[in-house]
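What follows is a short report on a single structure.
Residue numbers (the working numbering): 3 to 295.
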């Protein structure tokens, strides 16, 4: 079974994008894992699937699968690539576009300079909105924000929470380059108190309008950029009184701009097509399974 695909990235956060409108696509966790594998497959942080909408108010349905095959609610960098893909492949000329994601509708606009802006939808800051068990945890107020403390084995770590359709924990660090992201990230991502797991952001504040950010993503590991993670970090800093909107977020893969007025959340950044091709998905799955033994 041959599938046409496009490889894209948004600030280094890379994707395999599939057109499920003009070709039949059944994306199982096993198939997503094979496509995302960087040694035996195409390689990607996430797989993006464009489909006809279920909601009549939307232009398309936009679905996201992590490298481990799990389906997730939202991906900001992927949303920008989704718009570019739809326009480049002639699926629609509408601009802005309305996309249906797992938690509702988002609005996306591609500008003539190649930047894509995304109205990111609803935000939340309560444990219930992240399916986070905060019972009996130590807390402390920081401005309008609340921080929670968890013992991760080496030390107690304080973090904030935010739901940008998907769940985020944000830690403020002094020196981002030296911080043990790949040790603390997975320990917090899979902590049993986060029942749906969590994306973990590590934020270094540079000025009142600029931060540096690394994100350990749920189901993908550390990525070069995370759009919803950039939104979560910027909002947390604003709520703590440390940042002012708009916020420039320097990720390892590029620059994103986040604007938030307490209600409307907007992200702007690049979306780039890398190459296109065809893949025999069943042969790829068999090859991946054979070589991974």
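Just so it is clear, CB atoms sit at the ideal spot from N, CA and C, and this is done for glycine as well.
This one's a predicted model, so the numbers in the text were calculated from it and none came from an experiment.
**Message:** On the criterion of 16 or more Cβ atoms from any shown chain inside 10 Å, does residue 174 qualify as buried, or is it exposed?
**Reply:** buried
If I follow the unbroken beta strand (DSSP E) through residue 17, where does it start and stop?
15–21
Should residue 236 and residue 207 be called a contact, given that it needs their Cβ atoms to be closer than 8 Å?
no
Report task. From the DSSP output, in three-state form, read off residue 121 for me. Result -> strand
### Query
Do residue 150 and residue 187 come within 8 Å of each other at the CB atom, strictly closer than that value?
no
Relative to the C-alpha of residue 17, which residue among 114, 49, 172 is closest?
-> 49
* Leaving aside the five residues before and after residue 275 along the sequence, list all residues of the same chain whose C-beta is less than 7 Å from its C-beta, in chain order. => 8, 10, 86, 90
**Prompt:** Should residue 271 and residue 117 be called a contact, given that it needs their Cβ atoms to be closer than 8 Å?
**Reply:** yes
Checklist entry - Are the Cβ atoms of residue 70 and residue 35 separated by less than 8 Å? => result yes
message: Looking only at its chain, what residues have a beta carbon closer than 6 Å to the beta carbon of residue 221, apart from the 5 residues adjacent to it on each side?
response: 68, 70, 72
Checklist entry - Is the beta carbon of residue 231 sitting closer than 8 Å to the one on residue 170? => result yes
message: Less than 6 Å between C-beta atoms, sequence neighbours within five positions excluded: which residues of the same chain meet that for residue 135?
response: 195
* To do: Going by CA-CA distance only, name the one from 103, 203, 88 that's closest to residue 182.
  => 203
* Taking C-alpha atoms, which residue in 93, 66, 243, 94 lies nearest to residue 81? -> 66
Quiz prompt | Beta-ladder partner(s) of residue 270, from DSSP | solution = 119, 259
Quiz prompt | Beta-carbon proximity check, residue 167 vs residue 105, cutoff 8 Å | solution = yes
- Any idea if residue 76 is buried or exposed, counting beta-carbon neighbours within 10 angstroms, 16 or more meaning buried? buried
message: Considering Cα atoms alone, identify which of 39, 164, 294 is closest to residue 123.
response: 164
Candidates 190, 210, 209, 178, of which the one nearest residue 201 by Cα: 190
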